[in-house]
Amino acid sequence: MGGRSNRTGWLLIVAIVFCIRAGAQVELYGVDLKSNGNFSFGYSSDFNDTSSDHGLYLGADANVNGFYYSPNFLSFSVQPYYQRSQANSDFQSLTNSSGLNSTVNIFSGSHFPGTVSYSYAKDSTGQFGIPGSQQGLLTNGNGSGFGIGWGVMLPGLPKLNFNFNDNSNENTIYGSDAKAKNDQKNFSVQEFYAWDGWQTGAGYSHFNSDATFPSFLEGVENPHTTTSSNQYQFSANHPLPKNGTFSASFNRNSYDSTYSDDRPTVNSNGTVDNFNTVFTMRPTNRLSLAADGNYTDNAMDQFTEQVISAGGAVPTYSLGTVRAFRVNTSAGYILTKNLFVSGDVAHQEQFFMGDEFKLTTYGGNVAYNYARPLFGALNFSFGAYDGATQDGHTGLGLTANVNFNRKIHQWDVDAYFDYAQNVQTLLIFYTASSMTYGGHVMKKFGDRTFWNTTYAAGQTAFSTDNNGGSRTDSLSTSVMYKRIQANAFWSQSNGESILTPSGLLSVPGNLPPGVISPNEIVFFNSKAYGFGLSSLLFRRLTINGGYSKANGGTNSVSSLYSSDTEIWRAQMRYRFRKLYLDAGYTRFYQNVGSSSTLPSAVSSYFVGVSRWFNFF
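The numbers in the numbering used here rise by one with no breaks, and the one at position 582 of the sequence shown is 568.
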């Protein structure tokens, strides 16, 4: 009797909710409010090889926004959701996430505008990223974020912006017991000022990160890093005669990072200064001139900042600190309407490990643009570069770029090709070759059928290591016939990366092999493919479904692992006025080969009704 009474109570509440009429916009004590949302009710079940769970569910989401007195005085927006999987639409009902997103704007119409935001997500689905892959390892976790910003915009005085953010995320990779956690805090102040033709900017930011890594990827226990950094920056630019400009910038970044696991603790710290200046001028409509210079006392600084912002451990560069100076001059001239030529001379010097290296390069480039209504558009350029160090000739470098666009018998065709051989990398005694190419084809068949497909590929290689570099390929295609659409995708990638709490971070192409310690390099490979089908039938009935599969692995000095992820999904929705009848099915499987836990395999289905409301 008790169970029947509970079910009767549930059904009574649902009946009342789904039968009430929508209200209108309200104003109460000077607060102007608008709100709408959805309620859903139904039956769901999920099961795996060892257990099952089923029962009634109730979900809801809302969008509340409004203002007090005036939108320029105080305005707000709040979006709560409960068991609605707001962030998981790609994976349907893999998890029933609940949370809140909110923002408050204060004095937005004054000289002192401010904003406060807060977000929270529980039991949400995410991805542990794999570079170049359309599907990484799926994760489940919680996260929250808080932010506050304030501005000082007084006339005739420098404009100031103050910001503080505090974000926290904790995730578990499905099919393993590996956890990743990252707590980040950031404070920054920015200044902008214009006077006598100068545009200036200055800023300071402080960043703290406390992160835990997935242990199975590194083959160690309890990998953990804490990082603190301070950055100072200044920039200025001013127009010059003859359509010219001058700009200069200075950045100083200091960091202190500690990495620990079951081995001895490693501490990394340093201060990096970077100075840039650029000069451009166009004396005539055909002639353009440019010069730029750069000095840094650690040429790997940019990659270090990327790793720090992702919560990763600061890499220990095997070649040590690299101080570098570079100056470049160039000139370009338009010979004809479609023909452009340019040349440049660059000199750079680098100091590391007690030695000094110098390199001077000379180069030229020819670019041609051909465009005719009948033949489409063709743009191509070719360049050659030669260089010499104090030890002698370094060899010839080549670059090429081709872009094509044309309509061929109702086919829209786009293609591109970029190639570079023996182009200088970050360190002057390394060269790299790279190639990217791809295209897009689209055609309309009759009045209601469309087809298009896109392919892209890219790879890099280094002069000193045949195993270095990376490779990515991706292919996608779709067909639309009336109200039916089908699509499919395929991708693969491999290369070198650095481990961070949110995924693998690809090592940039301008960092040659040997720069980062081999103990920190993670070699990855990944393949993914899938297809989908969706249809809008009878203007009210929507059906969609799909399949995706990804597999791959990593290889580092201390560990080796493989993974396999597979998802089936299907969903139906029928609309009747403000009511929706929903049904769906999801089959999810993920296995992490070296994990001590069993694969994660879950099948779930649901059926229910939902209703849209304008509350007020």
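We treat Cβ as the ideally placed atom computed from N, Cα and C, and that holds for glycine.
Taking the continuous beta strand (DSSP E) assigned at residue i, which residues delimit it?
i, result
"residue 83", "Taken as a continuous stretch (DSSP letters only), residue 83 belongs to no beta strand (DSSP E), as it is neither H nor E."
"residue 152", "145 to 159"
"residue 130", "123 to 138"
"residue 23", "17 to 33"
"residue 55", "Here residue 55 belongs to no beta strand (DSSP E), and DSSP marks it neither H nor E."
"residue 474", "470 to 486"
"residue 259", "252 to 267"
"residue 115", "No beta strand (DSSP E) contains residue 115, which DSSP labels as neither H nor E."
"residue 490", "489 to 492"
"residue 169", "165 to 181"
Output yes or no for whether 7 Å exceeds the beta carbon distance between residue i and residue j.
i, j, result
"residue 443", "residue 467", "no"
"residue 367", "residue 351", "yes"
"residue 588", "residue 109", "no"
"residue 279", "residue 308", "no"
"residue 125", "residue 114", "yes"
"residue 590", "residue 572", "yes"
"residue 498", "residue 448", "yes"
"residue 22", "residue 47", "no"
"residue 324", "residue 355", "yes"
"residue 177", "residue 144", "yes"
"residue 536", "residue 121", "yes"
"residue 331", "residue 319", "no"
"residue 88", "residue 67", "no"
"residue 161", "residue 577", "yes"
"residue 347", "residue 329", "no"
"residue 263", "residue 276", "no"
"residue 514", "residue 531", "no"
"residue 131", "residue 157", "no"
"residue 159", "residue 298", "no"
Return the residue from the list the options that minimises the CA-CA distance to residue i.
i, options, result
"residue 244", "46, 211, 89", "211"
"residue 566", "553, 600, 526", "526"
"residue 489", "508, 498, 499", "508"
"residue 196", "296, 164, 180, 235", "296"
"residue 405", "374, 369, 430", "369"
"residue 199", "175, 166, 219, 179", "166"
"residue 383", "401, 420, 389", "420"
"residue 540", "506, 521, 564, 559", "506"
"residue 49", "60, 65, 43", "65"
"residue 345", "328, 323, 413, 389", "413"
"residue 260", "254, 274, 237, 267", "237"
"residue 222", "229, 182, 385, 298", "182"
"residue 54", "408, 479, 37, 94", "94"
"residue 462", "425, 492, 584, 184", "425"
"residue 439", "137, 474, 164", "474"
"residue 575", "34, 411, 26", "34"
"residue 458", "150, 469, 476, 471", "476"
"residue 146", "44, 174, 119, 558", "174"
"residue 400", "409, 363, 137", "363"
"residue 273", "86, 316, 446, 171", "316"
Going by other Cβ atoms of all chains shown within 10 Å of its Cβ, with 16 needed for buried, is residue i buried or exposed?
i, result
"residue 503", "exposed"
"residue -1", "In this prediction, residue -1 scores a pLDDT of 46, lower than 50, which makes its location untrustworthy; no coordinate-derived value is stated."
"residue 341", "exposed"
"residue 594", "buried"
"residue 339", "exposed"
"residue 547", "buried"
"residue 57", "exposed"
"residue 247", "buried"
"residue 592", "buried"
"residue 381", "exposed"
"residue -5", "Since pLDDT at residue -5 reaches only 46, below the 50 mark, its modelled position is unreliable, and the value read off the structure follows with that caveat. Classification of residue -5: exposed, given that the 10 Å Cβ count is below 16."
"residue 123", "buried"
"residue 310", "buried"
"residue 287", "buried"
"residue 7", "No answer about residue 7 holds up, because its pLDDT of 48 lies below 50 and its placement is not dependable."
"residue 84", "buried"
"residue 229", "exposed"
"residue 303", "buried"
"residue 622", "The displayed coordinates of the chain run from -13 to 602. Any statement about residue 622 would go beyond what the structure contains."
Closer than 6 Å: is that where the CB of residue i sits relative to any heavy atom of the ligand ATP?
i, result
"residue 409", "The ligand ATP is not among the ligands present in this structure, which contains no ligands whatsoever."
Every unbroken beta strand (DSSP E) inside the segment 195 to 238 [3 residues or more]: 210 to 226
- request: Ignoring anything shorter than 3 residues or poking outside the segment 271 to 333, list the beta strand (DSSP E) runs there in chain order.
  value: 273 to 282, 309 to 320
field: Runs of beta strand (DSSP E) wholly within the segment 384 to 450 (minimum 3 residues, chain order)
entry: 397 to 410, 417 to 431, 435 to 448
task: Ignoring anything shorter than 4 residues or poking outside the segment 505 to 593, list the alpha helix (DSSP H) runs there in chain order.
output: none
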